[in-house]
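Undergrad: So the sequences go chain by chain: A and B.
For the record, in the first sequence the residue sitting at position 205 is 232 according to the working numbering, with numbers rising by one throughout.
For the record, in the second sequence the residue sitting at position 151 is 178 according to the working numbering, with numbers rising by one throughout.
Here it is: the structure, laid out below.
Protein chains: 2
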Amino acid sequence: MNGKNNLAAISDRTGYSVSTVSRVLSGKAEKYRISQSAVERITKEARRCGYRPNLVAQSLRTRQSQTVGLVVPGIDNPFFATLASIIISQLDARGYHTLLADSRESEREERQALEMFQDRGVDGILAVPVASSPEFHEEVGANVPLVLIDRYFQETSLSYVCTDNYAGAYMAAQYLVDKGYRRILAIQGVPASMPNRERVRGFLDAIKGHGVESRVVGDAFSVENGSRETLAAFAGNPGAYDAVFAFSATILIGTISALRKLGLTEGTDVGVISYDNNGFLDFMNPPVTRVEQPLQEAGEIAVEALFSLMEAHRSSLPRPAPVQQLVRPTLIIRESC
Amino acid sequence: MNGKNNLAAISDRTGYSVSTVSRVLSGKAEKYRISQSAVERITKEARRCGYRPNLVAQSLRTRQSQTVGLVVPGIDNPFFATLASIIISQLDARGYHTLLADSRESEREERQALEMFQDRGVDGILAVPVASSPEFHEEVGANVPLVLIDRYFQETSLSYVCTDNYAGAYMAAQYLVDKGYRRILAIQGVPASMPNRERVRGFLDAIKGHGVESRVVGDAFSVENGSRETLAAFAGNPGAYDAVFAFSATILIGTISALRKLGLTEGTDVGVISYDNNGFLDFMNPPVTRVEQPLQEAGEIAVEALFSLMEAHRSSLPRPAPVQQLVRPTLIIRESC
DNA sequence: ATAAACAGCGCAATCGTTTGCGCAAAAATG
DNA sequence: CATTTTTGCGCAAACGATTGCGCTGTTTAT
Numbered sequence: 028m029n030g031k032n033n034l035a036a037i038s039d040r041t042g043y044s045v046s047t048v049s050r051v052l053s054g055k056a057e058k059y060r061i062s063q064s065a066v067e068r069i070t071k072e073a074r075r076c077g078y079r080p081n082l083v084a085q086s087l088r089t090r091q092s093q094t095v096g097l098v099v100p101g102i103d104n105p106f107f108a109t110l111a112s113i114i115i116s117q118l119d120a121r122g123y124h125t126l127l128a129d130s131r132e133s134e135r136e137e138r139q140a141l142e143m144f145q146d147r148g149v150d151g152i153l154a155v156p157v158a159s160s161p162e163f164h165e166e167v168g169a170n171v172p173l174v175l176i177d178r179y180f181q182e183t184s185l186s187y188v189c190t191d192n193y194a195g196a197y198m199a200a201q202y203l204v205d206k207g208y209r210r211i212l213a214i215q216g217v218p219a220s221m222p223n224r225e226r227v228r229g230f231l232d233a234i235k236g237h238g239v240e241s242r243v244v245g246d247a248f249s250v251e252n253g254s255r256e257t258l259a260a261f262a263g264n265p266g267a268y269d270a271v272f273a274f275s276a277t278i279l280i281g282t283i284s285a286l287r288k289l290g291l292t293e294g295t296d297v298g299v300i301s302y303d304n305n306g307f308l309d310f311m312n313p314p315v316t317r318v319e320q321p322l323q324e325a326g327e328i329a330v331e332a333l334f335s336l337m338e339a340h341r342s343s344l345p346r347p348a349p350v351q352q353l354v355r356p357t358l359i360i361r362e363s364c
Numbered sequence: 028m029n030g031k032n033n034l035a036a037i038s039d040r041t042g043y044s045v046s047t048v049s050r051v052l053s054g055k056a057e058k059y060r061i062s063q064s065a066v067e068r069i070t071k072e073a074r075r076c077g078y079r080p081n082l083v084a085q086s087l088r089t090r091q092s093q094t095v096g097l098v099v100p101g102i103d104n105p106f107f108a109t110l111a112s113i114i115i116s117q118l119d120a121r122g123y124h125t126l127l128a129d130s131r132e133s134e135r136e137e138r139q140a141l142e143m144f145q146d147r148g149v150d151g152i153l154a155v156p157v158a159s160s161p162e163f164h165e166e167v168g169a170n171v172p173l174v175l176i177d178r179y180f181q182e183t184s185l186s187y188v189c190t191d192n193y194a195g196a197y198m199a200a201q202y203l204v205d206k207g208y209r210r211i212l213a214i215q216g217v218p219a220s221m222p223n224r225e226r227v228r229g230f231l232d233a234i235k236g237h238g239v240e241s242r243v244v245g246d247a248f249s250v251e252n253g254s255r256e257t258l259a260a261f262a263g264n265p266g267a268y269d270a271v272f273a274f275s276a277t278i279l280i281g282t283i284s285a286l287r288k289l290g291l292t293e294g295t296d297v298g299v300i301s302y303d304n305n306g307f308l309d310f311m312n313p314p315v316t317r318v319e320q321p322l323q324e325a326g327e328i329a330v331e332a333l334f335s336l337m338e339a340h341r342s343s344l345p346r347p348a349p350v351q352q353l354v355r356p357t358l359i360i361r362e363s364c
């Protein structure tokens, strides 16, 4: 084309100043009482040459980027992929774009991502935190609106929206107990994470006083962890446990894979129950009983909370009280235990 | 803190000009022959106050953003989630950040995303295109490095990296024929997309001359489509087909769900075969035979291609010849047919 | 001794937009 | 007709970083 395609170019071609062109094209024409004739001439020229504002310059000047940063501990995990999908849709619906980062469960990478978000001037941040203590997140949260999701910290003033992992695990364990299982292996995810700790607590509380032998093992929300721990527990002792509680769908896959390798069948030889929902779980053999987390709802609440923080931030109003909410999961009963 | 935290502030506090501070902090000290003493004083002060460059300003000035845009047709689809995950990791490893957009199979939203990417000055774009013709993408590709992935266009000068869908579908169909199936229902995804067209072509070519009755139905890579089409095909006529070829894992889920609802069992009553790989497929009942696409490999090649385009673009060198590559899928044989 | 080379750094323009302030002309008021 | 108000628009300074050019002073070559 004609080389440049910015306000200055339109200014040149219409004879109006850059200021006027800017005001017209950013919809502030009447606020600044620009004449009808100017508005028409300018919008016509802008349309003609397909003008599009440079968002980088706009961000620099206005300190708003129409972008939020989202950091998750592993986008390859279907759970976080689903969560990300839900959040991206929500943001999109509000006209915001998403910078997506993956911390891979690493505190260092998480810090980098959060710093990068700030350096790029995002308007807000949604994070599934990985760090073991809230200091850094709180520091970041003091500068830019920040809402935690899925994981959170004790005693923090940050907003968070999570599912009630204590209740979820409690329901699952109680169900196993009711079904008569008495030797239960729980395979956990990342031990330090709040959801995991809450699940362990819910699990232990539910089996307490029922004469259940149990062990909690494992260290990651991964297929590999599920497989390794299951092998370790059952190899050489096929009757070691009568049920397995997998703390995530990924872990479940590892567990089932290992059971099969050992010649055990889930559901009959060993009861299994899982966390997370997933279209596949209904078509496994047997269909898997599981705790479903209301991710859509959690995502909606989190985004809502973030936007009210952002709104206050924009107007330099006092920060609204933090939203700290747990949403209730539900037990989906099938045939695996 | 001390209010601002930019080059000017450091300039004030050290007595050196903004230029010198900039050159030191952006690692160009020796190129511009800055003295040791200046370098030390400045880096010390920068460390003290935790200086971090404003990436928005940097982008505006240098026209580089260390960002690439990624647009997929549905991040909620596990296939694209996996692809996105792979690509984000690759970009991250090269120090690039990712703006992720979801076109939801809508040409309009795809255009919006691509335009937004340009407005934000991304350094490159990776796209799973949705449009039916390449014009718009070619236009964009003329301005900013662009590589297509998973889907592509005929006769385009754009780079693309996809799997060989013709070969994949051919293998699958041939396997069904070899197994003796003669009435095959193929449930396709988005009809106009190149992978889908190639799969249809591969499917039809493979069954040709073998006396196979077949129909190709459906219009989306979704669970709902799989379920709807399966119901329509088998309701009132349980023996309508002896095998179903699902063109994606999501479609497969819908198909199995529908078969069960109709009292049919996949594998025995009706053979099923699927496209895509997925940890769950091995643990369904029965385990599902499927065509696995080498996504990791495709992602690596695509990112590699993108970076060589970006490199040339940065140095205003002539654009290297487009990379147009198909990578070969493999058939994973299990027990569902 | 004079010129040339070089070391070390700053000036000021630039990227594209936004916006407070002010200025002139036109319109309204007394 | 003199004053005030309103209308319509432009000047220029931001936002924070980068970089071509040039300016001083010192060192080296001729």
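All residues carry an ideal CB built from backbone N, CA and C; glycine is no exception.
Being a predicted model, the structure only gives us computed values, none of them experimental.
Can you grab the Cα-Cα spacing for the pair residue 237/B / residue 269/B, in whole Å?
TA: Their Cα atoms are separated by approximately 15 Å.
Undergrad: Taking just the CA atoms, how far does residue 305/B sit from residue 280/B?
TA: Near 12 Å, if we compare the C-alpha coordinates of residue 305/B and residue 280/B.
Undergrad: Step through the CB atoms of chain A and report whether any lies within less than 9 Å of the CB of residue 145/B.
TA: Chain A contact via Cβ: present.
Undergrad: Pull the bridge partners of residue 240/B from the DSSP assignment, please.
TA: Per DSSP, 210/B.
Undergrad: Which parts of the region 158–184 of chain A are runs of the beta strand (DSSP E), unbroken and 3 residues or longer, counting only runs that do not cross its ends?
TA: The region 158–184 of chain A contains these whole beta strand (DSSP E) runs: 173–176.
Undergrad: Could you please give the first and the last residue of the uninterrupted alpha helix (DSSP H) stretch that includes residue 440/B?
TA: No answer is possible for residue 440/B: it lies beyond the span of chain B, which begins at 28 and ends at 364.
Undergrad: Along the beta strand (DSSP E) that carries residue 358/B, what are the first and last residues, could you check?
TA: It spans 357–359 - the beta strand (DSSP E) in which residue 358/B sits, taken as one unbroken run.
Undergrad: Using 8 Å for Cβ pairs, my map puts residue 134/B next to residue 158/B. What's the rounded Cβ distance?
TA: Sure, about 5 Å apart at Cβ, within 8 Å.
Undergrad: Output the distance between the C-alpha atoms of residue 72/B and residue 166/A, rounded to the nearest integer angstrom.
TA: When rounded, the distance between both Cα atoms is 21 Å.
Undergrad: Residues of chain B with CB closer than 9 Å to the CB of residue 128/A, please, in chain order.
TA: By Cβ distance, chain B contributes 115, 119, 124 and 125.
Undergrad: Please report how far the alpha carbon of residue 356/B lies from the alpha carbon of residue 207/B, in whole angstroms.
TA: Roughly 23 Å separates the two Cα atoms.
Undergrad: What is the rounded straight-line gap between the Cα of residue 290/B and the Cα of residue 317/B?
TA: Going by the C-alpha atoms only, they are around 23 Å apart.
Undergrad: Put residue 317/A into one of helix, strand or coil per three-state DSSP.
TA: Residue state, collapsed to three classes: strand.
Undergrad: Have a look at residue 66/B and residue 118/A and give me their C-alpha separation to the nearest angstrom.
TA: Taking the straight line from one Cα to the other gives about 43 Å.
Undergrad: Residues of chain B with CB under 8 Å from residue 82/A, in chain order?
TA: Those are 143, 146, 147 and 148, listed as they occur along chain B.
Undergrad: With a floor of 4 residues, list each alpha helix (DSSP H) that falls wholly inside the region 265–306 of chain B, ordered by position along the chain.
TA: Runs found: 276–288.
Undergrad: Nearest-angstrom Cα distance between residue 226/A and residue 143/A?
TA: Taking the straight line joining both Cα atoms gives about 32 Å.
Undergrad: I need the DSSP call for residue 253/B, collapsed to helix, strand or coil.
TA: Three-state DSSP puts residue 253/B in a helix.
Undergrad: Ignore the nearest five residues each way along the sequence and tell me which others in residue 285/A's own chain have a CB closer than 6 Å to its CB.
TA: Around residue 285/A: 254, 257 and 258.
Undergrad: Output, in sequence order along the chain, the residues in the region 286–308 of chain A whose CB is closer than 7 Å to any CB in chain B.
TA: The region 286–308 of chain A vs chain B, Cβ under 7 Å: 306 and 307.
Undergrad: Cβ of residue 184/A within 9 Å of Cβ of residue 347/A?
TA: No, Cβ-Cβ distance for residue 184/A and residue 347/A is not below 9 Å.
Undergrad: For a test of the three-state rule: what should DSSP assign to residue 344/B, helix, strand or coil?
TA: Looking at residue 344/B - three-state DSSP - the assignment turns out to be coil, as it is neither helix nor strand.
Undergrad: DSSP three-state call for residue 245/A: helix, strand or coil?
TA: In this structure, residue 245/A counts as coil in the three-state DSSP scheme.
Undergrad: At a Cβ threshold of 9 Å, is residue 231/B touching chain A?
TA: No, its Cβ sits nowhere closer than 9 Å to a Cβ of chain A.
Undergrad: So, are the CB atoms of residue 180/B and residue 221/B less than 9 Å apart?
TA: Yes; because the gap between Cβ atoms is below 9 Å, this pair is in contact.
Undergrad: When the Cα atoms are used, what is the spatial distance from residue 229/B to residue 201/B?
TA: Taking the straight line from one Cα to the other gives about 9 Å.
Undergrad: Tell me whether residue 62/A is buried or exposed, calling it buried when 16 or more other Cβ atoms sit within 10 Å of its Cβ.
TA: That one is exposed.
Undergrad: Terminal residues of the continuous alpha helix (DSSP H) containing residue 119/A?
TA: Segment 105–120, the alpha helix (DSSP H) holding residue 119/A.
Undergrad: Tell me the rounded alpha-carbon separation between residue 273/B and residue 301/B.
TA: Answer to the nearest angstrom: the Cα atoms are 5 Å apart.
Undergrad: So the candidates are 192/A, 75/A and 52/A; which of them puts its Cα closest to the Cα of residue 319/A?
TA: Of the listed residues, the one whose Cα sits closest to residue 319/A is 192/A.
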